[in-house]
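Data first, discussion second: the structure below is written as structure tokens.
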């Protein structure tokens, strides 16, 4: 009986401590403000986004974008209260430019996604 009770208690503790991941998208309003207007909590969709972003390739750009990004994407672990990923996205005709990190775009942390990957990302974000 004690073994069964211990097993049930262990299971409750494990399931009670599982973390919730939230993907948020929004737009940058000014130098220091982002307005998030969409949340995705579906784990499968978040994993799809992560797989697409795993295909980013580091790029050296000469002209840092002067305009605000088209989308700001944040993947957040709400239970542990930390951000897994914080990126800014600029869509263009040739590929998608992505900056990782905070809003200081002079850091040089720029990556790109090819069009087919970019299209998949846009589709997921649009449909959720």
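In the numbering used here, the protein residues as written are -11 to 116.
For glycine and all other residues, C-beta sits at the position ideal for the given N, C-alpha and C.
Report the three-state DSSP secondary structure of residue i (helix, strand or coil).
i           : result
residue 66  : coil
residue 34  : helix
residue 105 : helix
residue 19  : coil
residue 50  : coil
residue 8   : coil
residue 83  : strand
residue 71  : strand
residue 116 : coil
residue 99  : strand
Does chain B have any CB closer than 7 Å to the CB of residue i?
i          : result
residue 75 : The chain labelled as chain B is not found in the depicted structure, where only one protein chain is given.
Since residue i and residue j are thought to touch, with beta carbons under 8 Å apart, how far apart are those beta carbons, to the nearest angstrom?
i           : j           : result
residue 27  : residue 12  : 5 Å
residue 45  : residue 108 : The pair is not a contact, with the Cβ atoms about 16 Å apart (cut-off 8 Å).
residue 102 : residue 83  : 5 Å
Verify whether the separation of the beta carbon atoms of residue i and residue j is less than 7 Å.
i          : j           : result
residue 32 : residue 116 : no
residue 16 : residue 70  : no
Near residue i, what residues of its chain come up, given a Cβ to Cβ distance below 6 Å and the 5 sequence neighbours on each side ignored?
i          : result
residue 14 : 22, 23, 24, 25, 60
residue 10 : 27, 29, 64, 66
residue 48 : none
residue 36 : 112
Who are the Cβ neighbours of residue i in its own chain at under 7 Å, not counting the five residues just before and after it?
i          : result
residue 1  : Per-residue confidence for residue 1 stands at a pLDDT of 40, beneath the threshold of 50, marking its modelled position as unreliable; the derived number appears in the next sentence. None.
residue 87 : 75, 76, 93, 97, 98
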